[in-house]
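A.B. asks: Structure below; questions to follow.
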Ligand SMILES: Cc1cc2nc3c(=O)[nH]c(=O)nc-3n(C[C@H](O)[C@H](O)[C@H](O)COP(=O)(O)OP(=O)(O)OC[C@H]3O[C@@H](n4cnc5c(N)ncnc54)[C@H](O)[C@@H]3O)c2cc1C
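In this note's numbering, the protein residues as written are 152 to 495.
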């Protein structure tokens, strides 16, 4: 009989963020698969009362909380202490947590303290002959592995975007407070602020409904024999501002800057998708002026509905990997799309 602990930290406003609600869905799925298992919720933060009520109808048998100002800050010592206390108080054999930077940093250490094991980047769960089986991807998302373990407690860090966020009614529930004895040194490290590495316009939006992928074609010579990088930049930015889509790019396009060629100034390597870039999860994807295997095969791996605009009807990867390929000039297409968006 497994005891499943859903571990989450509350936000500064006392709410639970989407990754926590997605992990709750994962924990409920695991309970569904494992007959006789029970679900316990364990929250930490300055004040967990509102969050506990908010997910009160999730079907957990117990709601545990570690509260206090020291647990508001993202910090290894206090986050690890809270997670350890919640895991011990719940008697958890399975600990499910969202792969936030806070939990990703401290949970391997907590698993070690409890003589458990941890697996990260978990994307799904199922049962095989009554045993929990979880999935994750290796080799830049090219191979999927199914994992089982006998060691307990087993910590699972759930990748974001793989489960629907749990949504249910708010119900008052009894909160069991879990006390944590913090040594003075635990609060020595202070959190100051977040510093984002990217300067200029923010174009990466993990929660966007659409991933807009740009390829090197945007800066190549066009049928009139000239490049039109400035117009390309204006069309792309206009589209992104109007749709709030997230911007992905092929490696060739982000590399061009280093080669002294015409570039799109708002792109950085953080935008790159593919084998040596990211594999984001969006419901829809639109690739433009892009030919490469890596952006289409690996970068798009988790995109549900995929379309591409390419001048070349024989572009093998766009043809092979897009659900719909528009054989057209992306400049003309995006000009028209922006006009239609402006017209509402
Ligand atoms: C080890 C390794 C790892 C790699 N990792 C990655 C990775 O992570 N991500 C990645 O992206 N690449 C990666 N690459 C590079 C990859 O193989 C391709 O070279 C690259 O993706 C090609 O980029 P592209 O499609 O933007 O450019 P191109 O191949 O130059 O394609 C440009 C396309 O634009 C089209 N086009 C031009 N003008 C227009 C227009 N007006 N309208 C419509 N279409 C137009 C052309 O028809 C053409 O198909 C990797 C390569 C190696 C060897």
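All C-beta atoms in this analysis are idealised placements derived from N, C-alpha and C, irrespective of residue type, glycine included.
So, for residue 235: in the same chain, excluding its five sequence neighbours on each side, which residues have a beta-carbon less than 6 Å away from its beta-carbon?
C.D. replies: Hits under 6 Å: 261 and 264.
A.B. asks: Answer with buried or exposed for residue 360, where buried requires no fewer than 16 other C-beta atoms within 10 angstroms of its C-beta.
C.D. replies: Burial call: exposed.
A.B. asks: May I have the straight-line CA-CA distance separating residue 477 from residue 441, to the nearest angstrom?
C.D. replies: Spanning the two alpha carbons is a distance of roughly 12 Å.
A.B. asks: Compare the C-alpha of residue 323 against each of 167, 205, 220 and 487 and name the closest.
C.D. replies: Among 167, 205, 220 and 487, the Cα nearest to that of residue 323 is on 205.
A.B. asks: Residues in the same chain with beta-carbon distance under 7 Å from residue 267, minus the five sequence neighbours each way, listed in chain order, please.
C.D. replies: So the qualifying residues of the chain are 302, 303, 304, 305 and 306.
A.B. asks: Are residue 474 and residue 462 touching if we call contact CB-CB under 8 Å?
C.D. replies: In this structure, residue 462 does not lie closer than 8 Å to residue 474 by Cβ.
A.B. asks: Does ligand 1 have even one heavy atom less than 7 Å from the beta-carbon of residue 367?
C.D. replies: Within the cutoff, so yes.
A.B. asks: Relative to the C-alpha of residue 429, which candidate in 299, 454 and 213 has its C-alpha closest?
C.D. replies: With distances taken between Cα atoms, residue 429 lies closest to 454.
A.B. asks: Between which two residues does the alpha helix (DSSP H) containing residue 422 stretch?
C.D. replies: Here residue 422 belongs to no alpha helix (DSSP H), and DSSP marks it neither H nor E.
A.B. asks: Looking at the strands, I want to know which residues DSSP matches up with residue 249.
C.D. replies: In DSSP, residue 249 forms a bridge with 309.
A.B. asks: Thinking just about the alpha-carbon of each residue, which of 174, 464, 489 and 471 is nearest to the one in residue 452?
C.D. replies: The residue with the shortest Cα to Cα distance from residue 452 is 471.
A.B. asks: Using only CA atoms, which one of 437, 369, 403 and 421 lies nearest to residue 396?
C.D. replies: Ranking 437, 369, 403 and 421 by Cα distance to residue 396 puts 437 first.
A.B. asks: Shorter than 7 Å, the distance from the beta carbon of residue 439 to the closest heavy atom of ligand 1, or not?
C.D. replies: Flag set: Cβ of residue 439 near ligand 1.
A.B. asks: Can you have a look at residue 186 and say buried or exposed, based on whether 16 or more other CB atoms are within 10 angstroms of its CB?
C.D. replies: By the 10 Å Cβ count, residue 186 comes out exposed.
A.B. asks: Does the distance from the CB of residue 345 to the CB of residue 398 come in under 8 Å?
C.D. replies: It is not a contact, given that the beta carbons lie outside the stated cut-off.
A.B. asks: Just mark residue 342 as buried or exposed, buried being the case when its beta carbon has 16 or more other beta carbons within 10 Å.
C.D. replies: That one is exposed.
A.B. asks: DSSP on residue 415, reduced to helix/strand/coil?
C.D. replies: Reduced to three states, the DSSP call for residue 415 is coil.
A.B. asks: Starting from residue 429, follow the beta strand (DSSP E) in both directions and report where the run begins and ends.
C.D. replies: It is not in any beta strand (DSSP E) - residue 429 carries neither H nor E in the DSSP assignment.
A.B. asks: Could you name the residues that DSSP lists as bridge partners for residue 160?
C.D. replies: Per DSSP, 195.
A.B. asks: Would you report the Cα separation of residue 488 and residue 422, rounded to the nearest angstrom?
C.D. replies: C-alpha separation (whole angstroms): 22 Å.
A.B. asks: Let me check understanding here. Comparing Cα to Cα, which of 381, 242, 367 and 230 lies closest to residue 153?
C.D. replies: Among 381, 242, 367 and 230, the Cα nearest to that of residue 153 belongs to 242.
A.B. asks: Starting from residue 118, trace the alpha helix (DSSP H) in both directions and tell me its first and last residue.
C.D. replies: Shown here, the chain extends from 152 to 495; a query on residue 118 therefore has no answer.
A.B. asks: Expressed to the nearest angstrom, what Euclidean distance is found between the alpha-carbon atoms of residue 245 and residue 354?
C.D. replies: Computed Cα separation, rounded: 37 Å.
A.B. asks: Between which residues of its own chain and residue 226 is the CB-CB distance below 7 Å, once the five residues before and five after are set aside?
C.D. replies: Correct list, in chain order: 340 and 342.
A.B. asks: Less than 7 Å separating the Cβ of residue 164 from some heavy atom of ligand 1?
C.D. replies: Every heavy atom of ligand 1 is 7 Å or more from the Cβ of residue 164, so no.
A.B. asks: Measuring only the C-alpha atoms, how far is residue 314 from residue 392?
C.D. replies: Rounded to whole angstroms, residue 314 to residue 392 spans 27 Å at the Cα level.
A.B. asks: Verify the contact flag: residue 378, CB atom, against every heavy atom of ligand 1, threshold strictly below 7 Å.
C.D. replies: Every heavy atom of ligand 1 is 7 Å or more from the Cβ of residue 378, so no.
A.B. asks: Does ligand 1 have even one heavy atom less than 7 Å from the beta-carbon of residue 263?
C.D. replies: Flag unset: Cβ of residue 263 not near ligand 1.
A.B. asks: Does the beta-carbon of residue 208 have 16 or more other beta-carbons within 10 angstroms, so that it is buried, or is it exposed?
C.D. replies: With fewer than 16 other Cβ atoms within 10 Å, it is exposed.
A.B. asks: Tell me, please, which residues DSSP counts as bridged to residue 213.
C.D. replies: The partner list for residue 213 (beta bridge, DSSP) reads 191.
A.B. asks: Is any heavy atom of ligand 1 found at a distance shorter than 7 Å from the C-beta of residue 401?
C.D. replies: Result yes, Cβ under 7 Å from ligand 1.
A.B. asks: Taking residue 288 as part of the beta strand (DSSP E), name the residues at either end of that continuous run.
C.D. replies: Its beta strand (DSSP E) spans residues 282 to 289.
A.B. asks: So, helix, strand or coil for residue 240, using DSSP?
C.D. replies: Three-state result, residue 240: helix.
A.B. asks: Note the first and the last residue of the continuous alpha helix (DSSP H) segment covering residue 486.
C.D. replies: From DSSP, the alpha helix (DSSP H) with residue 486 extends over 481 to 494.
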